[in-house]
DNA sequence: GCCCTATGTTAAA
DNA sequence: TTAACCTAGGGCT
C-alpha cells in the first residue's frame, strides 16, 4: 500500500538503525528461509529506495530486494536506538498511517515471538525488523538488482534521497543537482513520447517510479490536469510543473510520514488535518470539491479507482479558441 | 465467523 | 480485461 515516500522513509530508517551492523536474517514463516541464509550474518552496507522498491546491500555483495505491494508492512522494535523507528507499510486501521514502535521501554530483551506471517526478520544487537505480506522479498546479485532498477522510471524523491545521504556524509551537492535535473528531463521526455492518458501514465512504474493511487489523483488535481488527457498533449511547461508538484508533495510525505496534499486555505472540516482534510479528491467521491461546486468523480480505470474533479480538471481541448 | 477493503504488481486469457 | 497473490483489520451477522 505504501507509495514511494514510505519506502524512502524505510530506506532511511534501515540506514539509521541497522546501517553498518551485522544482521541475523531469518524467515519465521519459512517462505523466505532459503534466501535468508544467503545474507544471514552479513553486515548491512547500504539502504536504498527507488520508487516503491527497497534495496538493502550486504557485505557479501548480495542485495535484499523488497516490494511491499498492497499489503506489505515492516515493523520495528528494540532498545533506545530504535526509539524513533516507526512501523511502515499497510495501514492497519483506516485513518492510521505509521505508528511508533514500543522501543526504549525497559531493557531490550531481544525480538518478540513472531506474530502472524512474518516473511523475514532482521535482528541486530539493538533491535529487530519484521516484514509481513510483501509482494516481493528476494536476494539478488548486484547485477540482478541493477537490472530491476534499470526498468524503473525516474524517482521524484531522488533529490530528497541525495540530501539524506549528504547529511550522512555521502555524495555531493553537485551530484544531487545533476541527478534531479536529469530525472526531471527524463520524465518530460517520456511523457512526450506517450499517447496514453496521463492518469494511467503516472501509475506506470516504468515511466515514473514511486507515484501510486493517492499521489496520482492529488497531483493531477493540484495541477488542474484532466486525467484522461494524452501525455503527449501536455505542454512541456505543464509537464515540468507536474513533475515539480509531485516532487514537492512527495517530499512532504517523506517528512510527515503521511500523505497531505491540501493547502491550508482549502481545509474546511473541523478536526485534525489528516486524514479528513488531507486530500482534494482521493476517497472523496460524491463530496463537493474543495474549490468548486462540482462533485468529485470516481471511475475504475485499469483496476484502480481514479478520483478527479470534473470542474477543476476539465477535459482539455487541443485547440483553445478565444 | 464471513465479507469487504486497501497507498500494488504480474501473468494468464 | 480478469484473476491471482500477499495480509490484517473493520464491519457485519
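Numbering (UniProt numbering), first residue to last: 1 to 322.
All residues carry an ideal CB built from backbone N, CA and C; glycine is no exception.
- Note on residue 51: 16 or more other CB atoms within 10 angstroms of its CB, so buried under the neighbour-count rule.
- CA-CA distance, residue 245 to residue 211, rounds to 12 angstroms.
- In the structure shown, the three-state DSSP call for residue 296 is coil.
- Collapsing the DSSP output to three states places residue 231 in a helix.
- The beta carbons of residue 195 and residue 230 sit closer together than 7 angstroms.
- Apart from the 5 residues on each side of it in sequence, residue 164 sits with its Cβ closer than 7 angstroms to the Cβ of 12 in its chain, given in chain order.
- Rounded to the nearest whole angstrom, the CA to CA distance from residue 68 to residue 53 is 8 angstroms.
- Selection 14, 74, 202 and 111 evaluated against residue 48 yields 14 as nearest (Cα-Cα).
- Residue pairing of residue 138 in beta bridges, as defined by DSSP: 65.
- Contact annotation, residue 313 with residue 208: C-beta distance approximately 19 angstroms; criterion of less than 8 angstroms not satisfied.
- Around residue 176, the same chain offers 159 and 162 as residues with beta carbons nearer than 6 angstroms, after the five sequence neighbours per side are excluded.
- Burial check for residue 42: the Cβ neighbour count within 10 Å reaches 16 or more, so the residue is buried.
- Taking the Cα of residue 297 as reference, the smallest distance to any Cα among 288, 307, 303 and 290 is reached at 307.
- Under DSSP, residue 127 forms a beta bridge with 78.
- Taken atom to atom, the span from the alpha-carbon of residue 174 to that of residue 167 is near 14 angstroms.
- In this structure, residue 119 sits away from residue 58, with a CB-CB distance that is not shorter than 7 angstroms.
- Annotation: residue 45 is outside any alpha helix (DSSP H); the continuous beta strand (DSSP E) that includes it extends over 42–50.
- Note on geometry: alpha-carbon atoms of residue 127 and residue 45 lie some 17 angstroms from one another.
- With respect to the 7 angstroms criterion, residue 62 and residue 123 are not classified as neighbours on the basis of their beta carbons.
- Only exposed fits residue 150, as fewer than 16 other CB atoms lie within 10 angstroms of its CB.
- Taken atom to atom, the span from the alpha-carbon of residue 172 to that of residue 65 is near 26 angstroms.
- Around the beta carbon of residue 169, a 10 Å sphere encloses fewer than 16 other beta carbons of the protein chains shown; the residue is thus reported as exposed.
- Contact between the segment 234–244 and the segment 258–277 is absent: fewer than 3 CB-CB pairs across the two stretches fall below 8 angstroms.
- The Cβ atoms of residue 144 and residue 132 do not sit closer than 7 angstroms to each other.
- For residue 264, the three-state secondary structure derived from DSSP is helix.
- Straight-line measurement puts the Cα of residue 213 at about 22 angstroms from the Cα of residue 292.
- Taking C-alpha positions only, residue 60 is separated from residue 19 by approximately 15 angstroms.
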